[in-house]
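A quick write-up on the structure given underneath.
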Amino acid sequence: MKPEALERFADEPYFFDRTPSCDVVYFSNEAQSYFDKDELSVRVGLKETESPIALCYCFGHTAESVREEIVAKGRSTTAERITAEVQAGNCSCETKNPSGKCCLGEVYGAVQRIQKELSPEELQEEPVTLMERG
Numbered sequence: 040m041k042p043e044a045l046e047r048f049a050d051e052p053y054f055f056d057r058t059p060s061c062d063v064v065y066f067s068n069e070a071q072s073y074f075d076k077d078e079l080s081v082r083v084g085l086k087e088t089e090s091p092i093a094l095c096y097c098f099g100h101t102a103e104s105v106r107e108e109i110v111a112k113g114r115s116t117t118a119e120r121i122t123a124e125v126q127a128g129n130c131s132c133e134t135k136n137p138s139g140k141c142c143l144g145e146v147y148g149a150v151q152r153i154q155k156e157l158s159p160e161e162l163q164e165e166p167v168t169l170m171e172r173g
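Number 173 marks the last residue of the sequence shown (this note's numbering); no jumps.
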């Protein structure tokens, strides 16, 4: 959060608002306290409609990078690469991701959405190398 927003932070439980169309990111009904997306120091991908749309806060993956990979290769390996990093103990989702949770659900959802949005003409398959008979 930005420093001026932290000054209003109450010592009460806060919840993450997952509604894309709502500017509120964190709320505490007990404290009557709400923090909008413009009060955070990072963009919340779930709340954004303009690029860049963050998907993974630990390793910098965006909806745009996933789209580029799908267009270039016909599929995305982003989730597999993130999974390998998680297994290696290199993620910090609890502190870097505004939701405080692992990003893989958002990544899988974005991959499926992007694949549906792309036309067959936009998708390029990886070139196939034919082996010579010798």
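Beta carbons are placed, not taken as given, at the ideal position from N, Cα and C, and that holds for glycine.
query, result
"Considering only the beta carbon of each residue, do T117 and V105 sit closer than 7 Å?", "yes"
"Quick one: give me the first and last residue of the alpha helix (DSSP H) that Y147 is part of.", "143 to 156"
"Which residue marks the beginning of the alpha helix (DSSP H) containing V64, and which one marks its end?", "No alpha helix (DSSP H) contains V64, which is instead part of the beta strand (DSSP E) from 63 to 67."
"So, at 7 Å on beta carbons, what are the nonlocal neighbours of E161 in its own chain, with the 5 sequence-adjacent residues on each side left out?", "V110"
"In the DSSP output, which residue or residues are listed as bridge partners for E93?", "One detail in the question is off: residue 93 reads as Ala in this sequence, not Glu. Answer by DSSP bridge pairing, in chain order: T101."
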